[in-house]
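Worksheet: the structure to be examined is printed underneath.
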Amino acid sequence: MNNECSIVRDLLPLYYENMVNKETAEFVEEHLKNCPDCSSELEKLKAEKKIDETSLTERTDDAEVITGMKKKIRKKKWTAVTVIVACILIVCILIYQFPVYRLLMVAGTLSYYNSDEVAMLVSIGSLSDRIEAQSVLRQADAAFQDCKHTDAECDELYGVLSRYATPSERSASYVNYSLQLWSAHLGDTEGYIWVYYSEEAIDSNGDTVCASSRCEALWKVEKNEDGVWEVVSIREHP
Numbered sequence: 659m660n661n662e663c664s665i666v667r668d669l670l671p672l673y674y675e676n677m678v679n680k681e682t683a684e685f686v687e688e689h690l691k692n693c694p695d696c697s698s699e700l701e702k703l704k705a706e707k708k709i710d711e712t713s714l715t716e717r718t719d720d721a722e723v724i725t726g727m728k729k730k731i732r733k734k735k736w737t738a739v740t741v742i743v744a745c746i747l748i749v750c751i752l753i754y755q756f757p758v759y760r761l762l763m764v765a766g767t768l769s770y771y772n773s774d775e776v777a778m779l780v781s782i783g784s785l786s787d788r789i790e791a792q793s794v795l796r797q798a799d800a801a802f803q804d805c806k807h808t809d810a811e812c813d814e815l816y817g818v819l820s821r822y823a824t825p826s827e828r829s830a831s832y833v834n835y836s837l838q839l840w841s842a843h844l845g846d847t848e849g850y851i852w853v854y855y856s857e858e859a860i861d862s863n864g865d866t867v868c869a870s871s872r873c874e875a876l877w878k879v880e881k882n883e884d885g886v887w888e889v890v891s892i893r894e895h896p
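Encoded structure:
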């Protein structure tokens, strides 16, 4: 291999990529016309480049396939997560709206109530009914907290709800209590409210005067002449 062949073969990669000037390209082309060995080297170079380009294309295609598969997998994962979250949300809403577990909380007293009353226990009722029921709960709050009035005064002040007051005759200093609205089902002029409560009246020595723990009660309510809801009767297991 002479010096000119050496120069041309060094230039072949650049010549193939069109990275030489016009004079150099003409020099290489003139040499290739008269040199089978260098022409053969150019063909080998073209073949190698073609293989490299094919390999690169295949790798690019493979990468695109893998990327597409990853996107599909991510999409499926997000879809699965969305479905799971939606299912959990639906279950939570159903449990909130229909707290059937409360039947277990009062299982020992269920026989005292009829089927319609129990049905109202496992549905919290509409939002508007629950909002209206708050006025009744405020009346009950006042009765539960009261330990300063006599039995007769409590009857006058709270009516049916006076059963939750602690008459001053019992000498209680204060009352600890909790009162939860379980459900409210109100019509135009009457309805029913389920509540769950505990109370403990304490005297000045810190001793318990009277107490009730984890009791459920069904209140029947009616609107009075002023359009205010009042408790007119109470069903509560003895």
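Taking our numbering, the leading residue of the sequence shown gets 659, the next gets one more, and so forth.
Ideal placement from N, C-alpha and C gives every residue a C-beta, glycine not left out.
From a predicted model like this one, the values you see are computed outputs, not experimental measurements.
Asked: Which residues bound the alpha helix (DSSP H) around E687?; Found: K680 to N692
Asked: Residues in its own chain within less than 6 Å of V867 by CB, not counting five upstream and five downstream?; Found: R828, A830, A859 and D861
Asked: Output the boundary residues of the alpha helix (DSSP H) element that contains Y673.; Found: N661 to Y674
Asked: What did DSSP end up calling G849 once you bin it into helix, strand or coil?; Found: strand
Asked: Would a C-beta distance cut-off of 8 Å place Y855 and C873 closer than the cut-off?; Found: yes
Asked: Going by alpha carbons, who is nearest to V776 out of A875, T824, L837 and W736?; Found: A875
Asked: Identify, in the order they occur along the chain, each residue of the same chain with its Cβ nearer than 8 Å to the Cβ of S793, setting aside the five sequence neighbours on each side.; Found: V886 and W887
Asked: How many Å lie between L761 and T767 at the Cα?; Found: 9 Å
Asked: Write down the C-beta distance between E883 and T847 rounded to the nearest angstrom, noting that I regard them as a contact closer than 8 Å.; Found: Incorrect: roughly 11 Å between the Cβ atoms, too far for contact.
Asked: Is the stretch 771-786 touching the stretch 797-810, taking contact as three or more C-beta pairs under 8 Å?; Found: no
Asked: Identify every residue that forms a DSSP beta bridge with N834.; Found: E858
Asked: Please report the Cβ distance between L844 and D809, rounded to the nearest whole angstrom; I am assuming they are in contact, meaning their Cβ atoms lie under 8 Å.; Found: Contact flag wrong, Cβ pair sits at about 30 Å.
Asked: Exposed or buried, what is C745 when buried is set at 16 or more other beta-carbons lying within 10 Å of its beta-carbon?; Found: exposed
Asked: Among the candidates P896, W877, P694 and V780, whose CA atom is the shortest distance from the CA of Y759?; Found: V780
Asked: Between the alpha carbons of S841 and A738, how many angstroms are there, rounded?; Found: 35 Å
Asked: By the three-class DSSP mapping on this structure, what secondary structure does S870 have?; Found: strand
Asked: Just to confirm the assignment, what range does the alpha helix (DSSP H) spanning V794 have?; Found: L785 to Q803
Asked: Output needed for G726: all residues of its chain with C-beta closer than 8 Å, excluding positions within five of it in sequence on either side, in chain order.; Found: none
Asked: Identify the continuous alpha helix (DSSP H) that holds V776 and give its terminal residues.; Found: S773 to L779
Asked: Of the residues M763, E701 and Y835, which one's Cα is nearest the Cα of Y674?; Found: E701
Asked: Do you know whose CA, among G783, Y770 and V741, lies nearest L752's CA?; Found: G783
Asked: On the CB-based measure, 16 or more other CB atoms within 10 Å of its CB, does Q797 come out buried or exposed?; Found: buried
Asked: Out of V889, P896, A683 and E687, state which residue places its alpha-carbon closest to the alpha-carbon of E790.; Found: V889
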